[in-house]
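Remarks on the structure that follows.
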Amino acid sequence: MDDFGHRTGAALVLGASGGLGLVTARMLIERGSNVALTYFRSAGKLDPLLELAKAAGRTAAAWQLDLTDAAQTAEVIAQVAADSGGIHTLVYAAGPHIPMRHLSRITPEDFKSQMIDDAVGFFHAAHAALPHLRACEGNIVAITTAATTRFPIRDGLSSAPKAAVEALIRGIAAEEGRFGIRANCVGPGMTTDGMADRLITSGDLDQNALDITRANIPLRRFGDAEDIAEAVCFLASDRADFISGQKLDIDGGYGV
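Going by the numbering used here, the letters in the sequence shown line up with residues 1 to 256, in that order.
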């Protein structure tokens, strides 16, 4: 499948070293896209992607980026656009580990910090990328969460900032469509990769919680990073060229 071989520039994957970002970036390369990849700490995780891109005849570069730093974010995005000949897709797959807590046990400081890390960080990137996306009539796909459709107990620290990201996506779709820009979200449900994997490993979700979660999913199973990446690549491709301002939950029916 060659969805992106005709596109000018590169797909910029923010948070490409994470569980969902890695697989999404790999799939973009396999489907014909040049890529620019950002990481916060784990640069080494991107080495296989750089090698894959080289073997496939695609270009790839990695950048260290702290999305909470607006100036650095703008500088990196401008350099990516200059080096790659433009940015045709911005994929937001960034986000730190978020512990599961009841809203009553989240401190104001923790909530503020998470809003800055997630919603404000996304805005920094989208704001800096818009001129380059306009030039390519490009698109944005933000990986958010299915929890904004059906709230799981103790997930407020994750779902509230993601809800802000989704509101920004709708705003971008409404305001930037006149420039040919599309903007959409993919909402992962429970997966065996990414945030869910970290919650299991950290002990935030024990076996009983996993059993309850599985029982709440009509398909009675969890998804994986491939499921999420497929949705991202679809929404970024020309096959979705009349889809904008939407959210596609990949959750096994959890939100039904």
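All C-beta atoms, glycine included, are put in the ideal place defined by N, C-alpha and C.
Span of the alpha helix (DSSP H) holding P188? Not the alpha helix (DSSP H): P188 falls in the beta strand (DSSP E), residues 182-188.
Cutting at 8 Å between CB atoms, please list the residues of its own chain near A53, excluding the five before and the five after it. I29, N34, V35, T59, A60
Could you compute how far the alpha carbon of V120 sits from the alpha carbon of T68? Roughly 7 Å separates the two Cα atoms.
Three-state secondary structure assigned by DSSP to N208: Here N208 sits in helix by DSSP.
Per DSSP, R101 forms a beta bridge with which residues? Per DSSP, the beta bridge partners of R101 are D155.
Applying the 10 Å Cβ sphere with the 16-neighbour rule, what's the burial state of K162? So K162 ends up on the buried side.
Do D3 and D238 have their C-beta atoms within less than 9 Å of each other? yes
Out of F151, P96, G57, L90, state which residue places its alpha-carbon closest to the alpha-carbon of S42. P96
Taking Cβ positions, are I172 and L235 nearer each other than 9 Å? Contact flag unset, no.
Is the CB-CB distance between D249 and T149 below 9 Å? Contact: yes.
For my contact list, C136 and H88 are in at a C-beta cut-off of 8 Å; report their separation, rounded to the angstrom. Yes, they are in contact, since the Cβ atoms of C136 and H88 sit about 5 Å apart, within 8 Å.
Answer yes if the stretch 164-179 comes into contact with the stretch 206-226, meaning at least three C-beta pairs across the two stretches below 8 Å, and no otherwise. no
Which runs of the beta strand (DSSP E) spanning at least 3 residues fall entirely within the stretch 49-85, listed in chain order? 60-64
How long is the line joining the alpha carbons of H124 and E166, rounded to whole angstroms? 15 Å
Quick one: what does DSSP say I217 is sitting in, helix, strand or coil? coil
With three or more C-beta pairs closer than 8 Å as the rule, is the stretch 207-217 touching the stretch 103-116? no
For the beta strand (DSSP E) that A146 lies in, which residues bound it at each end? From DSSP, A146 is part of no beta strand (DSSP E); its letter is neither H nor E.
In three-state terms, what does DSSP make of D193? Residue state for D193 is assigned as coil, using DSSP reduced to three classes.
Buried or exposed, going by whether 16 or more other CB atoms sit within 10 Å of the CB of A55? exposed
Would you call the CB atoms of V91 and I140 closer than 9 Å? yes
Cβ of R154 within 9 Å of Cβ of M115? No, they are not a contact pair.
Applying the criterion that 16 or more other CB atoms from any shown protein chain within 10 Å of the CB defines a buried residue, is S202 buried or exposed? exposed
According to the neighbour-count rule (16 or more other Cβ atoms, all chains shown, within 10 Å of its Cβ), is V186 buried or exposed? buried
CB contact flag (S158, I77, <9 Å): no
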